[in-house]
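Visitor: Residue numbers (our numbering), protein chains in the order written: chain A, 22 to 493; chain B, 13 to 100.
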Amino acid sequence: MLKLLDLFEADDPISLSEKYYERLKRWEERINIFITLREWGEIQLVHEPGKPLSGGLIPVKDNISTRGVRTTCGSRILENYIPPYDAYAVERLGEIGLKVVGKTNMDEFGMGSTGENSGYGPTRNPWNTSHVPGGSSSGSAAAVAVAGGTSLGSDTGGSVRLPAAYCYVLGLKPTYGLVSRYGLVSYADSLEQIGILARYPEDMAYILYHISKLDKRDMTMPRTEDREELRERLINLYTGGADGLEGLRIGYSPELIEMADDAVAREAYRALNKLVELGVETLEIDLGFMEAGLPTYYAIAMAEASSNLMRYDGVLYGYMEREGEYWSSVYRTRALRLGEEVKRRIVYGSLITSAGYSGRYYIKALRIRRWIRDMMIDRLRRVDAVLMPTSPSTPPRLGEVEGVDMYALDLYTVIPNLTGHPAINIPAGFVGGLPVGIQLVTSYFNDDLLIRIAKGLEGVLYDPSKEVDTDG
Amino acid sequence: MDREDVEKALRLAGIGDDPEKYIEQLEKVERLFSQLDKWLDEAPERPLYHPLDINTEPRRDEPKTSDTSTWIEGDEEGYVEAPPLRRR
Numbered sequence: 022m023l024k025l026l027d028l029f030e031a032d033d034p035i036s037l038s039e040k041y042y043e044r045l046k047r048w049e050e051r052i053n054i055f056i057t058l059r060e061w062g063e064i065q066l067v068h069e070p071g072k073p074l075s076g077g078l079i080p081v082k083d084n085i086s087t088r089g090v091r092t093t094c095g096s097r098i099l100e101n102y103i104p105p106y107d108a109y110a111v112e113r114l115g116e117i118g119l120k121v122v123g124k125t126n127m128d129e130f131g132m133g134s135t136g137e138n139s140g141y142g143p144t145r146n147p148w149n150t151s152h153v154p155g156g157s158s159s160g161s162a163a164a165v166a167v168a169g170g171t172s173l174g175s176d177t178g179g180s181v182r183l184p185a186a187y188c189y190v191l192g193l194k195p196t197y198g199l200v201s202r203y204g205l206v207s208y209a210d211s212l213e214q215i216g217i218l219a220r221y222p223e224d225m226a227y228i229l230y231h232i233s234k235l236d237k238r239d240m241t242m243p244r245t246e247d248r249e250e251l252r253e254r255l256i257n258l259y260t261g262g263a264d265g266l267e268g269l270r271i272g273y274s275p276e277l278i279e280m281a282d283d284a285v286a287r288e289a290y291r292a293l294n295k296l297v298e299l300g301v302e303t304l305e306i307d308l309g310f311m312e313a314g315l316p317t318y319y320a321i322a323m324a325e326a327s328s329n330l331m332r333y334d335g336v337l338y339g340y341m342e343r344e345g346e347y348w349s350s351v352y353r354t355r356a357l358r359l360g361e362e363v364k365r366r367i368v369y370g371s372l373i374t375s376a377g378y379s380g381r382y383y384i385k386a387l388r389i390r391r392w393i394r395d396m397m398i399d400r401l402r403r404v405d406a407v408l409m410p411t412s413p414s415t416p417p418r419l420g421e422v423e424g425v426d427m428y429a430l431d432l433y434t435v436i437p438n439l440t441g442h443p444a445i446n447i448p449a450g451f452v453g454g455l456p457v458g459i460q461l462v463t464s465y466f467n468d469d470l471l472i473r474i475a476k477g478l479e480g481v482l483y484d485p486s487k488e489v490d491t492d493g
Numbered sequence: 013m014d015r016e017d018v019e020k021a022l023r024l025a026g027i028g029d030d031p032e033k034y035i036e037q038l039e040k041v042e043r044l045f046s047q048l049d050k051w052l053d054e055a056p057e058r059p060l061y062h063p064l065d066i067n068t069e070p071r072r073d074e075p076k077t078s079d080t081s082t083w084i085e086g087d088e089e090g091y092v093e094a095p096p097l098r099r100r
């Protein structure tokens, strides 16, 4: 199981990467991790002096632009799109010597919670291939589960944390505006962030340090000292100077935890008990407002999606199904080349933002979003972080949940996207052989605390080196 | 929302698809969104939340200001700096 920071001290990092690549390739045939897995010879790993992780590889979600490497967003409408530039996060990884090994499978344009809504076939859960790996960063989570290292994903309503929970890895959605979205293909701009999946907390801290540098090309990145203070704390974390967890105050709501399946709720309580053993003070707090998250999130996400995805008409980008006149071709292209879930969200998004309906749903959702944000800020004044399950259930079987019914899986994860707070999934254990995770949320630009808690729970709650059973 | 609304939305969205496919799931979406009313009473009338932490309201003056807006200039590194959002 590769620990990325081991490449620092390895005598031959390229041979470590070759083993990592072979492992990915073996699993790729079984569970469909990648949409584009580059050939070993094409990647051309070389040692580059001055680049600390040179010789290293990283999988990147297929909605993050990579110069010269096809970027489909999991959609057939972009199956021939090759970006002319790198996303800022990818540029930064290149500066420390990491090369993109491939583009990971995902729910089309990030719209899905199971990993099944990809135009390139579903990814399967490596721990049990009859089950889903979670989405939408399904391939990014599966890659880290089978081979270690880190990967980039994106998180609009839980798309990093949910697959991380279902695949037994760490998954971080940073504070909104901490990581540049330059080069991330937009689905819902006000909600999404590039996130990190990893096995080891130090790897996560190191990658976050590098990709959180201020980028002038993203106007949603606040120019704040909080960012630089956070980045200094991240250095402390990845160099092994993390403080313990004694004295932290963590809030939880029994009502909220018990909305999950019994076995999942039990794992959340087990995690709370472990934290108490580590010297953490736990407090019951009222998080009832989180129930407002799902309708609020979906109204806003669909509205933003309907606007963002208008550009895919086969003219500016992607593939065109030509038929008769211009508009007929556009209508046909979008009908045939976009997946069912994507079309559903575009159509419902168009509906709720159209005259006559925007007041009924969209404006209300914006108002409730503001209230949810204020409530979350208030709760995080009383405690350092709040804890809950990441998903209300274990990973469903492939094909078990579809369409609108799937939205319920996002019960716990949508709130940090609505409010902009950072959140992490930490593996908590297994139920019936399937992984279960807990989610922690903390205040703005306090992302390092989440990684510190993950570090504190390493070896106590979860084992980052745990190998996936090769019989799957 | 009814079939006519779905047909209109499909036209707006530029998708040449069968409206019937959307009607079945539409009921579930409406049921989900109808929960918003339950929470609206809790949410006080306040400026809407914006991810940039700037209090915003829906803009209504776009056509007037667009005539007088100035060109964005590139900075020394060759990137353009977006103009600051105006507080309202």
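Glycine included, each C-beta is placed from N, C-alpha and C at the ideal position.
Give me the Cα-Cα distance between Leu23 of chain A and Gly169 of chain A, rounded to the nearest whole angstrom.
Guide: Counting from one through the first sequence, the residue named residue 23 of chain A turns up at place 2. Counting from one through the first sequence, the residue named residue 169 of chain A turns up at place 148. The straight-line gap from Cα to Cα measures roughly 5 Å.
Visitor: Between Gly198 of chain A and Thr241 of chain A, how many whole angstroms is the CB-CB distance? I'm expecting something under 8 Å.
Guide: Taking the first sequence and counting its residues from 1, one reaches residue 198 of chain A at position 177. Taking the first sequence and counting its residues from 1, one reaches residue 241 of chain A at position 220. That pair is a contact at about 5 Å.
Visitor: At a Cβ threshold of 8 Å, is Ser36 of chain A touching chain B?
Guide: Within the first sequence, numbered from 1, the residue matching residue 36 of chain A stands at position 15. False, the Cβ-Cβ gap to chain B never drops below 8 Å.
Visitor: From Arg358 of chain A to Thr125 of chain A, what distance separates their C-alpha atoms?
Guide: The residue you call residue 358 of chain A lines up with position 337 of the first sequence. The residue you call residue 125 of chain A lines up with position 104 of the first sequence. Approximately 20 Å between the Cα atoms of the pair.
Visitor: Identify the contact partners of Arg58 of chain B in chain A, using a Cβ-Cβ distance below 8 Å as the criterion.
Guide: Translated into the one-based positions of the second sequence, residue 58 of chain B becomes position 46. The answer, in chain order, is Arg388, Arg391, Trp392, Asp395.
Visitor: What is the rounded straight-line gap between the Cα of Ile85 of chain A and the Cα of Ala286 of chain A?
Guide: Along the first sequence, one-based indexing puts residue 85 of chain A at 64. Along the first sequence, one-based indexing puts residue 286 of chain A at 265. Using only the alpha carbons, I get a separation of about 34 Å.
Visitor: Indicate whether at least one CB of chain A lies closer than 8 Å to the CB of Glu54 of chain B.
Guide: Translated into positions along the second sequence, residue 54 of chain B becomes position 42. Yes, because at least one Cβ of chain A sits closer than 8 Å to the Cβ of Glu54 of chain B.
Visitor: For Gly174 of chain A, does the three-state DSSP call read helix, strand or coil?
Guide: Stepping through the first sequence from its first residue, residue 174 of chain A is reached at position 153. Looking at Gly174 of chain A - three-state DSSP - the assignment turns out to be strand.
Visitor: To the nearest angstrom, how far is it from the Cα of Asn138 of chain A to the Cα of Asp128 of chain A?
Guide: As a working mapping, residue 138 of chain A is identified with position 117 in the first sequence. As a working mapping, residue 128 of chain A is identified with position 107 in the first sequence. For Asn138 of chain A and Asp128 of chain A, the gap between their C-alpha atoms comes out near 5 Å.
Visitor: Return the chain-ordered ranges of every beta strand (DSSP E) run that is complete within the segment 178-265 of chain A and spans a minimum of 3 residues.
Guide: 191-194, 214-219
Visitor: Give a yes or no on contact between the segment 38-46 of chain A and the segment 69-84 of chain A, applying the rule of three or more CB pairs nearer than 8 Å.
Guide: yes
Visitor: Is the beta carbon of Thr440 of chain A sitting closer than 8 Å to the one on Gln460 of chain A?
Guide: For the purposes of this step, residue 440 of chain A is identified with residue 419 of the first sequence, where counting begins at 1. For the purposes of this step, residue 460 of chain A is identified with residue 439 of the first sequence, where counting begins at 1. No, Cβ-Cβ distance for Thr440 of chain A and Gln460 of chain A is not below 8 Å.
Visitor: Could you pull the DSSP bridge partners for Asn446 of chain A from this structure?
Guide: For the purposes of this step, residue 446 of chain A is identified with residue 425 of the first sequence, where counting begins at 1. Answer is A:Gly192, A:Gln460.
Visitor: Kindly indicate the opening and closing residues of the beta strand (DSSP E) around Thr411 of chain A.
Guide: The residue labelled residue 411 of chain A in the question sits at position 390 within the first sequence. First-last for Thr411 of chain A: undefined, no H or E at that position.
Visitor: Pop quiz: Ser172 of chain A and Val81 of chain A are said to be a contact at Cβ under 8 Å. What is the actual Cβ separation, rounded to whole angstroms?
Guide: The count along the first sequence starts at 1 and reaches residue 172 of chain A at position 151. The count along the first sequence starts at 1 and reaches residue 81 of chain A at position 60. Confirmed, Cβ separation roughly 7 Å.
Visitor: Is there a Cβ from chain B that is less than 8 Å from the Cβ of Leu334 of chain A?
Guide: In the first sequence, counting from the first residue as 1, residue 334 of chain A sits at position 313. Per the sequence shown, residue 334 of chain A should be read as Asp rather than Leu. Closer than 8 Å to some Cβ of chain B, the Cβ of Asp334 of chain A qualifies, so yes.
Visitor: Quick one: grab the DSSP three-state call for Glu100 of chain A.
Guide: Locating residue 100 of chain A in the first sequence gives position 79, where the first residue counts as 1. Coil, per DSSP.
Visitor: Give the range of the beta strand (DSSP E) segment to which Pro416 of chain A is assigned.
Guide: Translated into the one-based positions of the first sequence, residue 416 of chain A becomes position 395. Taken as a continuous stretch (DSSP letters only), Pro416 of chain A belongs to no beta strand (DSSP E), as it is neither H nor E.
Visitor: Give the C-beta separation of Tyr187 of chain A and Gly155 of chain A to the nearest angstrom, bearing in mind that I take them to be a contact with Cβ-Cβ under 8 Å.
Guide: Along the first sequence, one-based indexing puts residue 187 of chain A at 166. Along the first sequence, one-based indexing puts residue 155 of chain A at 134. About 4 Å separates the beta carbons of Tyr187 of chain A and Gly155 of chain A, which is inside the 8 Å limit, making them a contact pair.
Visitor: Going along the chain, which residues of its own chain have a beta-carbon closer than 8 Å to the beta-carbon of Tyr383 of chain A, five neighbours each way excluded?
Guide: Counted from its first residue, the first sequence places residue 383 of chain A at position 362. Same-chain partners within the cutoff: Ala320, Ile321, Ala324, Ile373, Thr374.
Visitor: Classify Gly370 of chain A as helix, strand or coil using the three-state DSSP reduction.
Guide: As a working mapping, residue 370 of chain A is identified with position 349 in the first sequence. Three-state result, Gly370 of chain A: helix.
Visitor: Using a C-beta to C-beta distance shorter than 9 Å, which residues of chain A count as neighbours of Ile35 of chain B?
Guide: Within the second sequence, numbered from 1, the residue matching residue 35 of chain B stands at position 23. Ordered by position in chain A, no residue passes the 9 Å Cβ test against Ile35 of chain B, which lies about 11 Å from the chain.
Visitor: Can you list, in chain order, the residues of its chain with a C-beta nearer than 7 Å to that of Val489 of chain A? Leave out the 5 residues immediately preceding and following it.
Guide: Position 468 of the first sequence, counted from the start, is the residue given in the question as residue 489 of chain A. Pro147, Trp148, Ala166, Val167.
Visitor: With distance defined between alpha-carbon atoms, name the residue in A:Arg88, A:Thr150, A:Leu330 nearest to Glu50 of chain A.
Guide: In the first sequence, residue 50 of chain A corresponds to position 29, counting from 1. Taking Glu50 of chain A as reference, the option from A:Arg88, A:Thr150, A:Leu330 with the minimal CA-CA separation is A:Thr150.
Visitor: Against chain B, which members of the segment 356-367 of chain A pass a CB distance test of less than 9 Å?
Guide: Ala356, Leu357, Leu359, Glu361, Lys364, Arg365, Ile367
Visitor: Any residues in the segment 16-45 of chain B with a beta carbon nearer than 8 Å to a beta carbon of chain A? Which ones, in chain order?
Guide: For the segment 16-45 of chain B, which is checked against every Cβ of chain A, the residues closer than 8 Å are Asp17, Val18, Lys20, Ala21, Leu22, Leu24, Ala25, Gly26, Ile27, Gly28, Asp29, Lys33, Tyr34, Gln37, Leu38, Lys40, Val41, Leu44, Phe45.
Visitor: Which residue from A:Leu387, A:Ala292, A:Met132, A:Trp48 puts its Cα closest to that of Ser207 of chain A?
Guide: If you number the first sequence from 1, residue 207 of chain A lands on position 186. Ser207 of chain A has its Cα closest to that of A:Met132, out of A:Leu387, A:Ala292, A:Met132, A:Trp48.
Visitor: Taking the DSSP output, what are the residues bridged to Glu302 of chain A?
Guide: As a first step, residue 302 of chain A must be located in the first sequence, where it is residue number 281. Glu302 of chain A is bridged to A:Arg270.
Visitor: Considering only the alpha carbon of each residue, which of A:Arg220, A:Val336, A:Phe310, A:Ala406 lies closest to Trp392 of chain A?
Guide: Residue 392 of chain A sits at position 371 when you count from the first residue of the first sequence. Its Cα nearest to that of Trp392 of chain A, the residue A:Phe310 stands out among A:Arg220, A:Val336, A:Phe310, A:Ala406.
Visitor: Residues of the segment 287-320 of chain A in Cβ contact with chain B at a cutoff of 9 Å, in chain order, please.
Guide: Cβ contacts with chain B: Phe310, Glu312, Ala313, Leu315, Pro316, Thr317, Tyr319, Ala320.
Visitor: Tyr428 of chain A and Leu296 of chain A - do their beta-carbons sit closer together than 8 Å?
Guide: Locating residue 296 of chain A in the first sequence gives position 275, where the first residue counts as 1. Locating residue 428 of chain A in the first sequence gives position 407, where the first residue counts as 1. No, the pair does not count as a contact, with Cβ atoms beyond the cut-off.
Visitor: My output table needs one value for Val452 of chain A: the three-state DSSP class, helix, strand or coil.
Guide: Stepping through the first sequence from its first residue, residue 452 of chain A is reached at position 431. The answer is strand: DSSP assigns Val452 of chain A an E or B state.
Visitor: Out of curiosity, what's the CA-to-CA distance linking Pro500 of chain A and Leu229 of chain A?
Guide: In the structure as shown, chain A begins at 22 and stops at 493. Residue 500 of chain A is therefore absent and cannot be evaluated.
Visitor: Shortest alpha-carbon distance to Gly123 of chain A belongs to which of A:Arg381, A:Leu455, A:Phe29, A:Glu43?
Guide: Numbered from its first residue, the first sequence carries residue 123 of chain A at position 102. Looking at the Cα atoms, A:Glu43 is the closest of the given residues.
Visitor: So, does the CB of Lys234 of chain A fall closer than 8 Å to a CB anywhere in chain B?
Guide: Counting from one through the first sequence, the residue named residue 234 of chain A turns up at place 213. Judged by the 8 Å Cβ criterion, Lys234 of chain A is not in contact with chain B.
Visitor: With 16 as the cutoff for other CB atoms within 10 Å, does Gly268 of chain A come out buried or exposed?
Guide: The count along the first sequence starts at 1 and reaches residue 268 of chain A at position 247. When all chains shown are included, Gly268 of chain A counts as exposed.
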